[in-house]
Amino acid sequence: MSRPGRPGGLLVPRMRRVDVAVALLLGLLGFAAVVQVRTTQEEGPLAAARQEDLVQIIDDLDNRDARLRAEVAALEQTRQELTSGTGRTSAALEEARRRTQLLGVLAGTVPATGPGIRLTMTDPDGILGPDVLLSALQELRAAGAEAVQVEGRAGEGTRDVQVRVVASTSFVAGDEGGIAVDGERLLPPYRFVVIGDPATLVSALRIPGGVVDVVEQLGGRAIVDRSSAVEVGALRRLEPPRYARPTP
Amino acid sequence: MIPALALVLGVALGLVLEPTVPVALQPYLPIAVVAALDAVFGAVRAQLEGIFDDKVFVVSFVSNVLVAALVVFLGDQLGVGGQLSTGVVVVLGIRIFSNAAAIRRRVFSA
Numbered sequence: 001m002s003r004p005g006r007p008g009g010l011l012v013p014r015m016r017r018v019d020v021a022v023a024l025l026l027g028l029l030g031f032a033a034v035v036q037v038r039t040t041q042e043e044g045p046l047a048a049a050r051q052e053d054l055v056q057i058i059d060d061l062d063n064r065d066a067r068l069r070a071e072v073a074a075l076e077q078t079r080q081e082l083t084s085g086t087g088r089t090s091a092a093l094e095e096a097r098r099r100t101q102l103l104g105v106l107a108g109t110v111p112a113t114g115p116g117i118r119l120t121m122t123d124p125d126g127i128l129g130p131d132v133l134l135s136a137l138q139e140l141r142a143a144g145a146e147a148v149q150v151e152g153r154a155g156e157g158t159r160d161v162q163v164r165v166v167a168s169t170s171f172v173a174g175d176e177g178g179i180a181v182d183g184e185r186l187l188p189p190y191r192f193v194v195i196g197d198p199a200t201l202v203s204a205l206r207i208p209g210g211v212v213d214v215v216e217q218l219g220g221r222a223i224v225d226r227s228s229a230v231e232v233g234a235l236r237r238l239e240p241p242r243y244a245r246p247t248p
Numbered sequence: 249m250i251p252a253l254a255l256v257l258g259v260a261l262g263l264v265l266e267p268t269v270p271v272a273l274q275p276y277l278p279i280a281v282v283a284a285l286d287a288v289f290g291a292v293r294a295q296l297e298g299i300f301d302d303k304v305f306v307v308s309f310v311s312n313v314l315v316a317a318l319v320v321f322l323g324d325q326l327g328v329g330g331q332l333s334t335g336v337v338v339v340l341g342i343r344i345f346s347n348a349a350a351i352r353r354r355v356f357s358a
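Line by line, the protein sequences give chains A and B.
In terms of our numbering, the first sequence is residues 1 to 248.
In terms of our numbering, the second sequence is residues 249 to 358.
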């Protein structure tokens, strides 16, 4: 700062030592202020924080860390439980599917294939009664038949009707000839398609006084074909029981 | 004029050199800057009131900075550094405000 009344202009002022000191201090101030501002900006708020504050901050972070770790552990456990639960569930589902397949063969809701026989009974005189079919079925069951269907002509047409034989199957004499199997009217020739051990089934049918004998006594013919793969393809819809309930 | 130029020069130097603050100085530099600002505001006020004395300015500047640093240092040693720093900043802030108010009255007559 130029002294009042002193000539010499601004560029070459006469400087006393105090003037130099003042300038020096102000320069130092500007320098220090800028340095401090830059430091604060560069290093973020933590650089300016004091030791206690830093300790506090670290404590907070530690607490938060512990909380989050506990949360992670809990979530991991939940995940594990869910995963193993899914495993158990899928195993149970698999087992249920398997049982459904097995029971479906019994209940006639799924097609079945396997070794077995075909028993064809002709009835030229139209005198084969439901008792013959029923006794044939009994013989087959006693010989270990696992899946059975009955086929016959429907009405006067050539189309075959197939009926899956299940626990509730009934054979009733038809009103105008033929036999009603579970309400389906079948006309001869009748055919049983049976899955089971072919040798046992055949010998069961051919015992003296058995099905084959009876049919031939009535004037028809009973033909038994063995096969390594017969297909019982007729299906039956599963009706839920109206009265029976599983006993808990 | 020269002090203003010196201030600008210091700022420019700080911007160009980009020095890092030594760790030992880090707690004191902000307080020292605030204390120096207080001295500068006091000097501007004295200048406007016509009672500016550059020797007084130099002494008050240096002693302000030293006392502020000393107070912070003592606070750190006593374990109340944070609170004492806050106290110093508050006191200096109040002084800066009152000086600024005096300057404002001089300059704007209001």
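Heads up, the beta-carbon is just placed ideally off N, CA and C, and yes, glycines get one too.
Alpha-carbon spacing of residue i relative to residue j, whole angstroms
i, j, result
"residue 76 of chain A", "residue 62 of chain A", "21 angstroms"
"residue 315 of chain B", "residue 22 of chain A", "19 angstroms"
"residue 339 of chain B", "residue 78 of chain A", "56 angstroms"
"residue 277 of chain A", "residue 230 of chain A", "No answer is possible for residue 277 of chain A: the residues shown for chain A start at 1 and end at 248."
"residue 176 of chain A", "residue 129 of chain A", "12 angstroms"
"residue 221 of chain A", "residue 140 of chain A", "18 angstroms"
"residue 69 of chain A", "residue 345 of chain B", "49 angstroms"
"residue 232 of chain A", "residue 113 of chain A", "6 angstroms"
"residue 7 of chain A", "residue 16 of chain A", "Note that residue 7 of chain A scores a pLDDT of 47, beneath 50, so its modelled location is shaky; the value from the coordinates is reported in the next line. Distance between the alpha carbons of residue 7 of chain A and residue 16 of chain A is about 15 angstroms."
"residue 226 of chain A", "residue 148 of chain A", "14 angstroms"
"residue 267 of chain B", "residue 35 of chain A", "7 angstroms"
"residue 187 of chain A", "residue 86 of chain A", "53 angstroms"
"residue 2 of chain A", "residue 317 of chain B", "Low per-residue confidence applies at residue 2 of chain A: pLDDT is 44, beneath 50, and the placement is therefore not dependable enough to give any value."
"residue 297 of chain B", "residue 27 of chain A", "24 angstroms"
"residue 170 of chain A", "residue 181 of chain A", "6 angstroms"
"residue 152 of chain A", "residue 84 of chain A", "52 angstroms"
"residue 125 of chain A", "residue 219 of chain A", "7 angstroms"
"residue 101 of chain A", "residue 66 of chain A", "52 angstroms"
"residue 58 of chain A", "residue 96 of chain A", "56 angstroms"
"residue 9 of chain A", "residue 352 of chain B", "Because residue 9 of chain A sits at a pLDDT of 47, beneath the cut-off of 50, its placement in the model cannot be relied upon, and the point is left open."
"residue 262 of chain B", "residue 33 of chain A", "8 angstroms"
"residue 93 of chain A", "residue 174 of chain A", "44 angstroms"
"residue 143 of chain A", "residue 106 of chain A", "16 angstroms"
"residue 247 of chain A", "residue 98 of chain A", "23 angstroms"
"residue 4 of chain A", "residue 303 of chain B", "The predicted model places residue 4 of chain A with a pLDDT of 48, which falls under 50 and marks its position as unreliable; any figure quoted below should be read in that light. Roughly 17 angstroms separates the two Cα atoms."
"residue 356 of chain B", "residue 349 of chain B", "10 angstroms"
Rounded distance between the beta-carbons of residue j and residue i, thought under 8 angstroms
i, j, result
"residue 275 of chain B", "residue 324 of chain B", "6 angstroms"
"residue 249 of chain A", "residue 238 of chain A", "Missing from the structure shown is residue 249 of chain A; chain A here goes from 1 to 248 and no further."
"residue 201 of chain A", "residue 104 of chain A", "At roughly 22 angstroms, the Cβ-Cβ gap does not stay under 8 angstroms, so residue 201 of chain A and residue 104 of chain A are not in contact."
"residue 111 of chain A", "residue 235 of chain A", "7 angstroms"
"residue 212 of chain A", "residue 135 of chain A", "With 8 angstroms as the limit, residue 212 of chain A and residue 135 of chain A do not qualify as a contact, their Cβ atoms being about 11 angstroms apart."
"residue 18 of chain A", "residue 306 of chain B", "6 angstroms"
"residue 120 of chain A", "residue 223 of chain A", "5 angstroms"
"residue 108 of chain A", "residue 164 of chain A", "4 angstroms"
"residue 255 of chain B", "residue 29 of chain A", "7 angstroms"
Residue i, DSSP secondary structure in three states
i, result
"residue 227 of chain A", "strand"
"residue 175 of chain A", "strand"
"residue 18 of chain A", "helix"
"residue 195 of chain A", "strand"
"residue 341 of chain B", "helix"
"residue 132 of chain A", "helix"
"residue 234 of chain A", "coil"
"residue 113 of chain A", "strand"
"residue 218 of chain A", "coil"
"residue 313 of chain B", "helix"
"residue 245 of chain A", "coil"
"residue 55 of chain A", "helix"
"residue 268 of chain B", "coil"
"residue 180 of chain A", "strand"
"residue 293 of chain B", "helix"
"residue 49 of chain A", "coil"
"residue 147 of chain A", "strand"
"residue 84 of chain A", "helix"
"residue 251 of chain B", "helix"
"residue 274 of chain B", "coil"
"residue 202 of chain A", "helix"
"residue 357 of chain B", "coil"
"residue 239 of chain A", "coil"
"residue 62 of chain A", "helix"
"residue 300 of chain B", "coil"
"residue 328 of chain B", "coil"
Bridge partner(s) assigned by DSSP for residue i
i, result
"residue 152 of chain A", "A:161"
"residue 69 of chain A", "The partner list for residue 69 of chain A (beta bridge, DSSP) is empty, contrary to what the question assumes."
"residue 169 of chain A", "According to DSSP, residue 169 of chain A bridges with nothing at all."
"residue 120 of chain A", "A:191 and A:223"
"residue 280 of chain B", "None; residue 280 of chain B has no bridge partner."
"residue 97 of chain A", "BP columns for residue 97 of chain A are empty, so no partner."
"residue 186 of chain A", "A:179"
Using a Cβ-Cβ cut-off of less than 8 angstroms, list which residues of the segment 295-310 of chain B approach chain A; keep chain order.
302, 303, 305, 306, 309 and 310
Quick one, which residues of the segment 21-34 of chain A are near chain B if we go by CB-CB under 9 angstroms, in chain order?
21, 22, 23, 24, 25, 26, 27, 28, 29, 30, 31, 32, 33 and 34
The segment 332-350 of chain B: positions lying closer than 9 angstroms to chain A by Cβ
333
Got a sec: which bits of the segment 261-280 of chain B sit with their beta carbon under 8 angstroms from any beta carbon on chain A, in order along the chain?
261, 262, 263, 266, 267, 268, 269, 274, 275, 277, 278 and 280
Mind listing which residues of the segment 311-329 of chain B have their C-beta closer than 7 angstroms to chain A's C-betas, in chain order?
329
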